[in-house]
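Residue numbers (the working numbering): 3 to 471. Using N, Cα and C, we set each Cβ at its ideal position, and we do this for glycine too.
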Ligand code: GAP
């Protein structure tokens, strides 16, 4: 079973992800993407963008992070975007009350007390007010550092506040957006008119979102700064279920098309719906710490556009000139976390296997089996030894293919070690220039997963790679 710690350590060692501000002991819930991480994240986002917007009726948008504060009043975030928070007076630690109880159920299940865990989860699902969380925490004897001296449960708004202009007063308060979706809703009319779109059509956006999470945890899973890839699809009321089914299938297919294991994906239907939704599911991935949501598909009715219409006083209707009708469109939302997706692809790709090395000894091979579409480096080029004309030929090949693919040149250490270094970062192909290359202008190409090598003419390298990448 893959351990999260192995993945976090490989991420740091190889330059995928670093703790933010690490030299100052780090900033909780914030992460930096290193040279390989930034490529992987970009590949995830580019793939999403291509799959969502390279179609007839979905167009893109890049709205600003800071928006008019009324946006968040209309969306309900100012009043309701909060989590139930509880403090332990003894340990002085703060927790999300619902997560504390969910984790307790998880612990009970692990101890073989499945029925008790189910009971607790049922009670959690029917919670109505904050005091119910407190009562459950006491009923199940939940403690932190041996103490059950808990405060009352309070609501904690997750939006980060800041100020526009030089005066820090309430009238200048703005928020870092907690989701990209609202940028799409407030631009609904601008986009529809400028891009000459007709219902049904969608608007897609990738961008940063910020939430002052009470407990950040599990590496990139719950962070305070993250990226979302969201699409709002506007439809005629009454046709939303058909659109929902279509987009759910499209989104699942996207994960699978990038090689994610089907056995690690599942759909969780929401039994308890938000007041504005008439259907919602989560796409979940099985991480080493359990199943977790990587994307939500929501049927949001006309809630968002109607609220913005009400709060802005501007009409946000669609006028159907053919059928002579006007209405506020319903919305199907696909909302994926780019950073959570990044982590799911990383976890899914991670593999360890015992192989026999060149010296006939058994060796542990760590390999990231990324889909070539996601691999941060597509090809590595090596001279077998640093003499006899091999480095010159290898450099020429590297300089040529570098113009087409993310590529690395490595001449340091034994060839087996160099292969292993590329396996660890998920490079699908390694090209080696050897003695034969000098004589007959051929090279070997080694495939990461099978470790098999083929010999091909240098003149065919590019077409060989294009076909496979
Ligand atoms: N517009 C709807 C929306 O924002 P959400 O379920 O709150 O819905 C959508 O978030 C996705 O954003 C989640 O499925 C997850 O992938 C990602 N996400 C949400 N909060 C996150 C956090 N604190 N850290 C990382 N990703 C997060």
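Could you tell me whether the Cβ atoms of residue i and residue j are closer together than 8 Å?
i	j	result
residue 212	residue 226	yes
residue 344	residue 222	yes
residue 301	residue 276	no
residue 336	residue 233	yes
residue 391	residue 349	no
residue 309	residue 286	no
residue 30	residue 218	yes
residue 434	residue 417	yes
residue 107	residue 99	no
residue 156	residue 426	no
residue 461	residue 429	no
residue 162	residue 84	no
residue 370	residue 407	no
residue 63	residue 186	yes
residue 282	residue 298	yes
residue 130	residue 138	no
residue 184	residue 339	no
residue 236	residue 201	yes
residue 59	residue 204	yes
residue 19	residue 8	no
Check the DSSP bridge columns for residue i and list the partner residues they point to.
i	result
residue 409	381
residue 86	157
residue 292	289
residue 178	68
residue 391	BP columns for residue 391 are empty, so no partner.
residue 416	Paired residues: none, contrary to the question.
residue 320	329
residue 94	Answer is none; residue 94 lacks a bridge partner.
residue 61	205
residue 438	Answer by DSSP bridge pairing: none, since residue 438 is not bridged.
residue 299	283 and 336
Hey, out of the options, whose CA is closest to residue i's CA?
i	options	result
residue 73	265, 188 and 153	188
residue 342	47, 411, 303 and 204	47
residue 54	137, 11, 206 and 116	206
residue 355	414, 365, 361 and 346	365
residue 388	374, 369, 402 and 413	413
residue 5	330, 353, 384 and 266	353
residue 246	271, 265, 18 and 10	271
residue 97	200, 214, 112 and 23	214
residue 216	274, 314 and 87	87
residue 375	453, 256 and 228	256
Can you tell me where the alpha helix (DSSP H) with residue i in it begins and where it stops?
i	result
residue 188	183 to 188
residue 141	132 to 141
residue 123	116 to 127
residue 309	305 to 314
residue 16	6 to 16
Looking at the structure shown, is residue i part of a helix, part of a strand, or coil, going by DSSP?
i	result
residue 448	strand
residue 326	coil
residue 487	Because the chain spans 3 through 471 in this model, residue 487 falls outside it and cannot be assessed.
residue 230	strand
residue 23	coil
residue 80	helix
residue 401	helix
residue 269	strand
residue 466	helix
residue 151	coil
residue 337	strand
residue 426	helix
residue 235	strand
residue 282	strand
residue 172	helix
residue 396	helix
residue 210	strand
residue 196	helix
residue 360	coil
residue 354	strand
May I ask which residues mark the beginning and end of the beta strand (DSSP E) holding residue i?
i	result
residue 364	364 to 370
residue 51	No beta strand (DSSP E) holds residue 51; the alpha helix (DSSP H) holding it covers 37 to 55.
residue 252	Premise fails: residue 252 lies in the alpha helix (DSSP H), 242 to 259, not in any beta strand (DSSP E).
residue 350	Unbroken run through residue 350 is the alpha helix (DSSP H), 340 to 351; no beta strand (DSSP E).
residue 457	455 to 459
residue 433	431 to 435
residue 222	Looking at the DSSP string, residue 222 is not in any beta strand (DSSP E), and its letter there is neither H nor E.
residue 107	Per DSSP, residue 107 belongs to no beta strand (DSSP E); it is in the alpha helix (DSSP H), 99 to 112.
residue 162	Careful: residue 162 lies outside any beta strand (DSSP E) and carries neither H nor E.
Any beta carbon from chain D within less than 8 Å of residue i's own beta carbon?
i	result
residue 319	Of the protein chains in the structure, only one exists, and it is not chain D.
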